[in-house]
Every structure is written in structure tokens, then in C-alpha cells.
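Residue numbers (my numbering), protein chains in the order written: chain A, 1 to 375; chain B, 1001 to 1222.
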Amino acid sequence: MVDLALKSLVHDRLRFFITVAGVAFAVTLVFVQVGLFLGLLDNASVTIDHANADLWVTSRNTPNIDFSHTFTETRVDRVRSIPGVERADNLIIWFMQVNLPTGAQEGVEAYGLEDFSAWNIPWHLTDGTLDDLHRGDYMIVDQSAVKRWGPYQVGDYREVLGRRLQIIGRSKEALSFTTTPIAFIDYWLLQQISPDLLRGSTTYVLVKLAAGADTNSVRAEIARRLPYNDVYTKAEWAERSRHYWVASTGIGLNMYITVFLGCLVGVVVVAQTLYTSAMEHIREFGTVKAIGGNNGDIYMILGKQAAIAAVVGFVLGLLQSLPLRPVMANIGLKLIIPNIMLGWVFAGTVVLCLTAALVAFRKVASIDPALVFRT
Amino acid sequence: MITLAATDVVKSFSEGRQEIAVLHGVSLSVERGEIVALEGPSGSGKTTFLSILGCILTPTSGTVIIDGQRVDQLSAGRLAGVRKRSIGFVFQQYNLFPSLTARENVEYALNIKGMRGVAARNAAIQALEIVELGDRLDFLPRDLSGGQKQRVAIARAVASRPPILLADEPTANLDSQVGLQIMELFRNTAKQAEQGLVIVTHDPNVRRFADRVVRIRDGRLQ
């Protein structure tokens, strides 16, 4: 079968390039915008995703992991006594002020645990040992703090709420949605640093279930014994933390608008180039009809051209987007393009391009084949 | 054996509130292997009549029978089917697909008519060899002369061996020498395949290749 659609498309290389460039631009826009959005959201729940906890006990109506509220730390004992709970520990997450050597003040989001290793927090340590945190006024700081705190070395001191702490290690990938640097400090030391607010209090209880324990029944029992707290599974808590930022800030809407505009640009470019191409080749379409072709044959040509533009444009858009990941990482941004997104964007690109082809088809379908006789 | 018969064909077009009649009861029949030249001045209605014979337009009234099938009241979709099966066109402007080679132009028409694969390719090559373009199979239309383009158009029209060939001023864009060669070729091809051929023309040279000359003026046959 002679492929008139493909031959005609590549015959006019400039127009083909413009069409494909339009699709590639739209695809890149969608990948970058959605990828950055997913990267930001990933920060919002990255600790929850990596921690070994099956259940999280929070104070009532805590909106996300960063905006924590205190409750009595002894409630952890009630959790520990529930059958099916293998381990339960208090976790404090608390914003504090750090005095920098420059004289400036910056924020830090302190994580306080008695046994960090047991909960896989932090999960990527590049310098230092977690067990050393118990041995003095120490902290481990995530390397992302360089952006806010400036350069620091292991062995340096920083003053947290007036108390000198030595940096004894460095972690990686422990980020917060608010971009406040994360530091890991011994639980008791953290309470001493801010005694007025934290003595005798915690902000979370992490729960690890025993093998074979039923999540729902343990959760229900915790909720029964701690009526003034909330209990979430790991997935629920991660989703709640992410959803807070989507719903309460403009980034969700911003992302949807950008994706919509990206799609619109792609559709308009493809529709316009296919339409003008169809108008320029109107006599050819008339000839197809005159030699016995029907509207189905015409749509096959236009649809195939749109599909080819979609596939080539998608591949080019993806090839443009993937190298942006290390570039974004260098400026501290995560560009996440999961496989499922590849599938959705590919399907969306093809569907939108085929829809764009309908604009040209409507025009071509109505042409009078008698135009082939006109000179 | 009559392959094409048009009886009392009337065609009028609406222009605003006015009905403008272009054809006033035109009748014509063509037998297999017969070559009919349709002559007339500009605006006489000959292209409209050719469009009706070619199932591109439907008449306002009258009957048209093609290869034994009455076609004057068929839907657009069914008319496309009749064009696919029974009619081959040759146009004044050739109307070749510029992105396809000579062979592909003929093969694509055969594909549209339902012939696929090697059969279509071989039939296309054979048709081009008949019109003496066996050495130009892979040439794009832009690399062919006007006469060669018209030969490709003829090959495209005859390749599927339709019972009826319709040609709209096939020599108008060619110099007289090439025009005569094309008509000679066209005539031989149609005669060999016993195809009824209707040629709309202004060219007096075409007349001598026709078995019969029909003149049309102001929408009436004379």
C-alpha cells in the first residue's frame, strides 16, 4: 500500500518540522511542568515514603508532616501496649532558628528521634554515623542546607536556639516542601534546646506493625486509645501531606493551567499546520475522491499525518526533557518523570493530534470533487 | 454494448434565490471501445456534463446509467463506489500527487480501488510500460515533462481497466506534437481494453481520434 500520508508529510519538510516542533514544545512543557510539580510534591512526603513506619500518630488535624503540633509524649506507651505493634517511638519535627557565622539567622526543620537507624531516618547518609548523635551536642545536616546556610563542613558548629551544636555528619535527599533545611538531632537534646515547647511533648508517634498484624484493627485500637489524635497509614499520611500543598497553595492550579496551555499550544500548532497543509493540497484530496476514495480514505491520510507528528513530536519532547533532569538537580529541583506519566502523555499527545486533524478533515470532507476539473 | 447512457439530463445550480440551468435535457450514450469527443465553447456545460457522467455531480433530473447501474440518485458514498469500480479520469492539470513517484501515483489509485501489494505494484508498472514510461517509474512528477505527466495520468486512469474513461482537455497543456502522441496512445489504450472514452476538448486535433464528435452549446447537444 502506497503511504500517501507519510510521503506527503515528509515531502514538505519545513512544514513537517514546524508541526513536530510544536508538538515537541508542548510535550516538553508538560513533562517539565508536571515533572517539577511531582518533584515538589515528592519533597512534601519524602520522609514519610522512606521511613519504616507503617502507621503515623499525629495530633488532631495536623495538615502535613512539616506543620506539626505537640501532644504528650507518654501517649507512646499506650501505643506500645497494643497487640500487633512491634515498635512505637516518638518523633519530633520542629522548626527552629539557626545562627549562622555571618550573623544571619536561618531556619532549620529539626527531626528528633531516639533511634534514627530503627526508622531509616535519614535514609542516605554521606558522612558521619547516626549512633554518634547520642554522644553529645551534635546534629547531622542535609547537604541541601548549603543553599540556605551557605557552605559548611563536618566538624563545624552552628548555634540552634542559642545552643552550639557540632555538625557530625551529612545526609542527602532529605528535603522539605518549604525548602527549610532538615537537621537530625537526638530526641532528648531537641527537647532540651526548646524546653518550653517540647519538654514532655512529641509531635508524632511512629508505629511499626508486627509481622502478620492487621493494619486496620491496630489502627482502630490506637484511635480508640488516643481519642485526641489522628492515625494514618503511611500512604494516607503521605497523600495528606502532598494534598495540603496542592489544595492550599496555587501550585496545583498553576500546574493544571500550564499543562492545559501546553496542550492548547500543541493542538493549535498541529491543527493549524494540518489545516493549511490540507488547504494547499486540496486538489490532491479532490483527486483522491475523484478516483474513488471516500471520506474514510481522506481521514486516514490526515489522521496518519497527525499520528506521525504526535509520535515524532513526543519522542523529541521526551529527548529534550530527560537531559533537563541533571540540570534541574544542579539547581536543587527534582524533575520526576514516572513511567506512567510517559504513557499518559504519549496517549494524550496522540489523541490531541488526532483531534486537531478533525479541523482539517471537516474542511476537506466538504470539498467538491469537481474541483479537480478546475484549472 | 452500451457502457454509459445519459438521458434527458438537466442540471441547475442555485445562486442566491435564482436557479441557473446549466444543462437542458442532454442525452448521450457511449459503447465499449467507442471514443466520443465532446466539444463546446467555455461555459457551454461540457465540464458539468462530464462531472455528471463521472459520478462527481448528480443531475437535477434525468437518468444516468453506468455499466448497467443507474447512478443518478445515488448517495455521495455510493457514487464514490461507482467511481472506484467503473471510471478512470484524466485531468487537464494531470492532478498527480507531487510526493509520489510515477509508479506510486498509479499504484495508489489501484490501492484506492481495492488492489493491494505486489498485484497493485505489478499492474502499475505494466500500465506505465504501456504508456512508454517504463524507464521513469521512480521519477517524481516535478522531474517529468508535461507529456510524461499526462502519460502517468493516463496510466493511472487505465490501470484498473475501468469500463469508462473520462478525460477533461487532456492535451490543453501540451504542445501540439506531444498532444498528438498522447491522443494516439490514449486511443490505442482505450481501444485495446474496450473502454468507452469521453474526451472534453477545445482542441480540433483531438477530433480526428474520436469515433464520434458531439457538440454542446448553452447546455444543449447540437
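Quick reminder that beta carbons are idealized off the backbone N, C-alpha and C, glycines included.
Bear in mind the structure is a predicted one, so any value in this text is a computation, not a measurement.
Residues near residue i in its chain [Cβ-Cβ closer than 7 Å; skip 5 each side]
| i | result |
| --- | --- |
| A/HIS69 | SER59, THR62, THR203 |
| A/PHE16 | LEU9, VAL10 |
| A/ALA223 | VAL231 |
| B/ALA1193 | VAL1158, ARG1161 |
| A/VAL288 | ASP297, ILE298 |
| A/ARG80 | ALA88 |
| A/ILE367 | ILE282, PHE285, GLY286 |
| B/THR1003 | VAL1030, GLU1031, ARG1032, ASP1067, PRO1163, ILE1164, GLY1196 |
| A/THR28 | GLY317, GLN320, SER321 |
| B/ILE1125 | ARG1103, LEU1137 |
| A/GLY113 | Checking the sequence, you will find Leu at residue 113 of chain A rather than Gly. Contacts found: ASP89, LEU91, TRP119, ILE121, TYR187. |
When the options are compared against residue i, the one with the closest alpha-carbon
| i | options | result |
| --- | --- | --- |
| A/ALA309 | A/VAL267, A/ASN52, A/ILE65 | A/VAL267 |
| A/GLN97 | A/ALA5, A/PRO122, A/ASP12, A/LEU190 | A/LEU190 |
| B/ASP1211 | B/ASP1218, B/ILE1199, B/GLY1219, B/LEU1221 | B/ILE1199 |
| B/ARG1187 | B/HIS1202, B/ARG1085, B/ALA1157, B/ARG1215 | B/ALA1157 |
| A/ALA378 | A/LEU318, A/ALA357, A/GLY292 | Outside the displayed span of chain A (1 to 375) sits residue 378 of chain A, for which this structure offers no information. |
| B/ASP1175 | B/GLY1146, B/HIS1202, B/PRO1098, B/ILE1065 | B/GLY1146 |
| B/GLY1196 | B/VAL1030, B/HIS1202, B/VAL1009, B/GLN1177 | B/VAL1030 |
| A/THR72 | A/GLY317, A/GLY332, A/VAL350, A/SER201 | A/SER201 |
| B/LEU1180 | B/MET1001, B/PRO1163, B/ASP1203 | B/ASP1203 |
| A/PHE373 | B/VAL1036, B/THR1048, B/VAL1022, B/VAL1213 | B/THR1048 |
| A/ASN43 | A/VAL27, A/ALA24, A/ILE167, A/ASP66 | A/ASP66 |
| A/ILE450 | A/ALA247, A/GLY39, A/GLY22 | Within the shown structure, residues of chain A are numbered from 1 to 375, placing residue 450 of chain A beyond reach of any answer. |
| A/LEU333 | A/VAL20, A/LEU36, A/ALA26 | A/LEU36 |
| B/SER1075 | A/GLY303, A/PHE361, A/ASN294 | A/ASN294 |
| A/VAL364 | A/LEU342, A/LEU274, A/GLY103 | A/LEU274 |
Per DSSP, the bridge partner or partners of residue i
| i | result |
| --- | --- |
| A/ILE167 | A/MET139 |
| B/ARG1220 | B/ARG1217 |
| A/GLN97 | A/GLY107 |
| A/THR178 | None; A/THR178 has no bridge partner. |
| B/SER1176 | Answer by DSSP bridge pairing: none, since B/SER1176 is not bridged. |
| B/HIS1024 | B/VAL1010 |
| A/ASN389 | Here chain A covers residues 1 to 375 and nothing more, so residue 389 of chain A does not appear. |
| B/SER1061 | B/VAL1010 |
| A/ALA258 | A quick correction: the sequence has Thr, not Ala, at residue 258 of chain A. None, per the DSSP bridge assignment. |
| A/TYR204 | A/THR58, A/LEU91 |
| B/ASP1168 | B/VAL1200 |
| B/ILE1066 | B/LEU1004, B/GLN1069 |
| A/GLY112 | A/ILE92, A/ILE185 |
| A/THR72 | A/SER201 |
Buried versus exposed call for residue i [16 or more other C-beta atoms within 10 Å across all chains shown]
| i | result |
| --- | --- |
| A/MET255 | buried |
| B/GLY1016 | exposed |
| B/ASP1168 | buried |
| B/GLN1222 | exposed |
| A/ASN339 | exposed |
| B/MET1183 | buried |
| B/ASN1111 | buried |
| A/LYS234 | buried |
| A/THR355 | exposed |
| A/ASN216 | exposed |
| A/ARG13 | exposed |
| B/LYS1149 | buried |
| A/ASP196 | exposed |
| A/TYR228 | exposed |
| A/VAL327 | exposed |
Residue i CB to nearest heavy atom of the ligand GDP below 7 Å
| i | result |
| --- | --- |
| A/GLN143 | This structure simply doesn't include the ligand GDP, nor any ligand for that matter. |
Proximal residues to residue i (C-beta, below 8 Å), its chain only, five neighbours per side dropped
| i | result |
| --- | --- |
| A/GLN143 | THR126, ARG170, SER171, LYS172 |
| B/GLY1043 | none |
| A/HIS124 | SER171, LYS172, GLU173, ALA174 |
| A/VAL265 | GLY22, PHE25, ALA26, LEU29 |
| B/PHE1097 | GLU1104, ASN1105, TYR1108, PRO1141 |
6 Å Cβ shell around residue i - same chain, five flanking residues per side excluded
| i | result |
| --- | --- |
| A/ARG199 | GLN191 |
| B/THR1060 | VAL1010, LYS1011, SER1012 |
| A/VAL76 | ALA88, ASN90, VAL205 |
| A/LEU41 | ARG242 |
| A/SER45 | ALA238, SER241, ARG242 |
| B/VAL1022 | LYS1011, GLY1045, THR1048, GLY1219 |
| B/ASP1138 | THR1101 |
| A/ALA213 | GLY84 |
| A/ALA210 | GLY84, GLU86 |
### Query
Would the segment 277–290 of chain A and the segment 322–330 of chain A be scored as touching if the rule is three or more Cβ pairs under 8 Å?
no
### Query
Is it true that the segment 147–157 of chain A meets the segment 82–90 of chain A, where meeting means three or more beta-carbon pairs spaced less than 8 Å apart?
The segment 147–157 of chain A, when compared against the segment 82–90 of chain A, does not touch it at the 8 Å Cβ threshold.
### Task
Would you check if there are 3 or more beta carbon pairs closer than 8 Å linking the segment 1048–1058 of chain B to the segment 1079–1097 of chain B?
yes
### Query
Are the segment 174–184 of chain A and the segment 210–223 of chain A in contact at 8 Å, needing three or more beta carbon pairs?
no
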